[in-house]
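Since the structure comes first, as structure tokens, the remarks are kept for the end.
Protein chains: 2
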Amino acid sequence: MLRWGDMGTQWGVNRSVAQIQALLFLSERPLTAEDIAAKLGIARSNVSNSLKELLAWKLIQRVPVLGDRRDHYEAEADLWQMATKVAQGRKAREIDPMVAAIAAAMENIDDPQISAKVRQRLVAMHDFVSTVDRWYQQMLDVPPAQIMTLIRMGSRVVSLLRFVTGKGRDKADPD
Amino acid sequence: MLRWGDMGTQWGVNRSVAQIQALLFLSERPLTAEDIAAKLGIARSNVSNSLKELLAWKLIQRVPVLGDRRDHYEAEADLWQMATKVAQGRKAREIDPMVAAIAAAMENIDDPQISAKVRQRLVAMHDFVSTVDRWYQQMLDVPPAQIMTLIRMGSRVVSLLRFVTGKGRDKADPD
DNA sequence: CCCTAATTTCTCTTTTTACTGAAATGTCTG
DNA sequence: CAGACATTTCAGTAAAAAGAGAAATTAGGG
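Chain order of the listed sequences is A and B.
Note that the working numbering has the first sequence beginning at 1, numbered continuously upward.
Note that the working numbering has the second sequence beginning at 1001, numbered continuously upward.
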């Protein structure tokens, strides 16, 4: 069952982190760090660090258990909540630095050494990432239930859109 | 300028691959493997492997140059094309295995050892992942220009949707 | 076919990242 | 405020990934 965690490797999180998340998600009750270390057979300190990371992503939370001094942890149960957290993290780790990097590259755009072709590519890239960045942020701000509606509609939103705007353009629109 | 490539580390691609892509994207003309190795100061073999990876992602392509026996390479210039390629790769590397892993976990869903709570979580996760997977695929199949329209609209699609369906539901719709 | 140039494969080294176990720090209880 | 238990930090080790350079393979041109 916990081979679930192996999958996390693909996701830019290390095995321990993924395994712990999976364990907590499929656990009856909140677990202590010690429980986790025992169940997964990994070092206590490793658990500590992985928990910290999961807490930072807000994919798990500490819960107090009456009559027990130790910290107990449980997974975020709401899948939309989870997805949003992951998406936010990814934006921060992947998209934001990209936008910054390209913005930086744009600073010397007027350098005469840069050919027209390259300049044009840089500008296009910049526009592109900025647009995507804005979109991504907007989507993160839309309540899950509405996103769900959008997703359920799938590509039908496209036809709907065409219907509403009254056109069936196939080329990017010339703003 | 080529610190652009450093950014690729975040993206699950190694430095060399990212740098080569950036170099080609910002290059006046197609380059040979040797050119690339020289410009970036990395081993010829490394270039070879990185080019193979970029070719696999279809982010670059071989182009023949008259009177030169060597392979020349140029970057995919269409940003939408690029984004689609990356998105496809990600789906294959991240989403598909996840769907498979959860589907596998679902096989022993009837095991009486599994509590109701856990069972319910598994099912919810499975539904969720399947839905997202389907949606992602559908979006990949929509022509870039139309996606662009969607993205440009941003969260306004949500209001539009609410307007069209005639309701302002805040809860997930009960299919 | 053979010779040469180009590319790829393979093995070994370097670098990076993950993990462990011990030591240090923190925290609750009497 | 001491003593026990819990957690975190840290330094060293182990594992994984990236890269270099030599050797092997492939593909033109005579």
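Cβ coordinates follow ideal geometry from the N, Cα and C atoms, glycine included.
- Looking only at A:P30, A:Q113, A:G41, A:E28, the smallest Cα-Cα distance to A:R15 is reached by A:G41.
- B:F1163 counts as exposed, since fewer than 16 other C-beta atoms from the protein chains shown sit within 10 angstroms of its C-beta.
- Between B:L1140 and A:R70, the alpha-carbon positions lie close to 47 Å from each other.
- A:P30 sits buried, since 16 or more C-beta atoms from the chains shown fall within 10 Å of its C-beta.
- With a 10 Å radius around the Cβ and a threshold of 16 neighbouring Cβ atoms, B:V1123 comes out exposed.
- Excluding five sequence positions before and after A:T84, the CB atoms of its chain that fall closer than 8 Å to its own CB belong to L140, P144, given in chain order.
- As the crow flies, the alpha-carbon of B:L1066 is around 10 Å from that of B:H1072.
- Annotation for A:E74: L24, P30, I60, Q61, V63 place their beta carbon closer than 7 Å to its own, counting only its chain and skipping 5 residues before and after.
- In the DSSP assignment, B:T1032 forms a beta bridge with B:H1072.
- Residues of the same chain with a CB within less than 8 Å of the CB of A:Q113, apart from the 5 flanking positions on each side, do not exist.
- Between the stretch 1095-1109 of chain B and the stretch 1119-1139 of chain B there are three or more inter-stretch CB-CB distances shorter than 8 Å, so the stretches are counted as touching.
- When A:W57, A:T32, A:Q88 are compared, the shortest CA-CA separation from A:D68 is found for A:T32.
- Listed along chain A are Q138, M139, D141, V142, each with a C-beta nearer than 8 Å to that of B:S1155.
- For B:I1109, no beta strand (DSSP E) encloses it, and the DSSP letter there is neither H nor E.
- For B:M1125, the closest Cβ of chain A is nearer than 8 Å.
- Distance from the Cα of A:A100 is smallest, within the candidate group A:L160, A:D133, A:D110, for A:D133.
- Scanning chain B for C-beta atoms nearer than 9 Å to the C-beta of A:A101 yields R1003, W1004, D1006, M1007, reported in chain order.
- Only exposed fits B:T1009, as fewer than 16 other CB atoms lie within 10 angstroms of its CB.
- B:T1131 has a beta carbon lying within less than 8 Å of a beta carbon in chain A.
- The contact set of A:M106 on chain B, defined by CB atoms closer than 9 Å, is empty, because the minimum CB distance reaches about 11 Å.
- Residue range 1116-1141 is occupied by the alpha helix (DSSP H) that includes B:Q1120.
- Here DSSP, grouped into helix, strand and coil, assigns A:V157 to helix.
- The bridge partners DSSP lists for A:R62 are A:Y73.
- Residue burial is scored here from C-beta neighbours: B:E1076 has at least 16 other C-beta atoms within 10 angstroms and is therefore classed as buried.
- Beyond the five residues adjoining it in sequence on each side, A:A43 comes within less than 7 Å, by CB distance, of A37 in the same chain, given in chain order.
- In terms of beta-carbon proximity, A:L40 stays away from the interface with chain B, with every pair separated by 8 Å or more.
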